[in-house]
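Just so you know, our numbering puts 179 at position 134 of the sequence shown, and the rest follows in order with no gaps.
Even for Gly, the Cβ is constructed at its ideal location relative to N, Cα and C.
To start, the structure under review is shown below, and the notes come after it.
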Amino acid sequence: MASLISFDEALRIDPQHRKSLLNSARVLLDTGRPGEAQGRIERAMGLEPLSAEGLRLLGRARYEMKQVPEAIDAYQRAIALDERDVWAMNNLGLIYIQQDRSEDALPVLARAVELRRDSPVFQNNLGTALERTGHPAAARKAYEAAVAAERPESLPTVHP
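So, in structure tokens, the structure goes:
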């Protein structure tokens with residue numbers, strides 16, 4: 046876990062480096078350590094309380110710790126701060142789907158797709174919400190858009 050070691054070194058040099066706190070939290074989340082990640086996220090949030098990025102990561106950590114209402118709240122707050130945070134929208138919509146609240150997922154996933162039509166993940170999640178709420182034709186269109194977005198010719202040649 047060389048990346049975590051590097052972030053920890055950066056934090057030894059500057060314990061207030063917000064980006065190192067958030068990026069190290071991502072590494073911790075990716076390695077199944079949401080409790081440790083939450084501590085770093087909260088430290089970063091102490092430095093910048095109105096950070097949509099921090100709130101999005103906090104939502105992820107809380108969800109992974111089975112704190113569903115708190116995760117939903119964090120994602121909603123992230124979206125309120127940044128109405129273009131498509132990942133917060135997608136993650137919130139996915140939680141709603143997993144909680145059998147697909148009606149609640151529709152507006153946030155529709156907005157994510159509106160902002161990023163080329164995302165197969167967002168299109169697929171919208172399709173799932175549409176299917177579960179009794180809109181099979183619209184779900185099919187979303188699924189088709191997800192497949193089209195995954196075709197090699199539609200993928201960027203350089204990571205954006």
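(message) Let's test the definition: count the other Cβ atoms within 10 Å of the Cβ of T76 and tell me whether it reaches 16, buried, or not, exposed.
(response) In the sequence shown, the residue the question calls residue 76 occupies position 31. Under this definition T76 is an exposed residue.
(request) Could you work out which residue in P152, E148 and D145 is closest to A133 when comparing CA atoms only? (result) As a first step, residue 133 must be located in the sequence shown, where it is residue number 88. Minimum Cα distance to A133 is reached at P152.
(message) Alpha carbons only, please: which of Y120, E87, R78 and E93 is nearest the one belonging to E109?
(response) Along the sequence shown, one-based indexing puts residue 109 at 64. Nearest C-alpha to E109: R78.
(request) Quick one: using the 10 Å Cβ neighbour count with 16 as the cut-off for buried, is E211 buried or exposed? (result) Examination of residue 211 is not possible in this model, given that the chain is present from 46 through 205 alone.
(request) Measure the alpha-carbon distance for K186 versus N169 and round it to whole angstroms. (result) For the purposes of this step, residue 186 is taken as residue 141 along the sequence shown, with counting starting at 1. For the purposes of this step, residue 169 is taken as residue 124 along the sequence shown, with counting starting at 1. When rounded, the distance between both Cα atoms is 10 Å.
(request) Give the single residue among S51, Q112, R177 and S164 whose Cα lies nearest to the Cα of E189. (result) Counting from one through the sequence shown, the residue named residue 189 turns up at place 144. Considering only alpha carbons, the answer is S164.
(request) Please classify K186: does DSSP put it in a helix, a strand, or coil? (result) By one-based count along the sequence shown, residue 186 stands at place 141. It is helical.
(message) Please report whether the beta-carbon of P114 lies at a distance below 8 Å from any beta-carbon of chain C.
(response) Among the protein chains of the structure shown there is no chain C, as only one such chain exists.
(message) Taking its Cβ as the centre, do 16 or more other Cβ atoms sit within 10 Å of A101, making it buried, or is it exposed?
(response) Working through the sequence shown from its first residue, we reach residue 101 at position 56. First, the amino acid is wrong: residue 101 is Arg here, not Ala. When all chains shown are included, R101 counts as buried.
(request) Would you check if the distance between the CB atom of Q61 and the CB atom of L92 is smaller than 8 Å? (result) Walking along the sequence shown from the start, residue 61 turns up at place 16. Walking along the sequence shown from the start, residue 92 turns up at place 47. With a cutoff of 8 Å on beta-carbon distance, Q61 and L92 are scored as near each other.
(request) Flag this pair as yes or no: are the beta carbons of G104 and A119 separated by less than 8 Å? (result) The residue you call residue 104 lines up with position 59 of the sequence shown. The residue you call residue 119 lines up with position 74 of the sequence shown. The answer is yes: Cβ separation under 8 Å.
(message) Tell me which residues share the same chain as D59 and place their Cβ nearer than 8 Å to its Cβ, disregarding the 5 neighbours each side in the sequence.
(response) Start at 1 with the first residue of the sequence shown, and residue 59 comes out as number 14. Only S65 meet the Cβ criterion.
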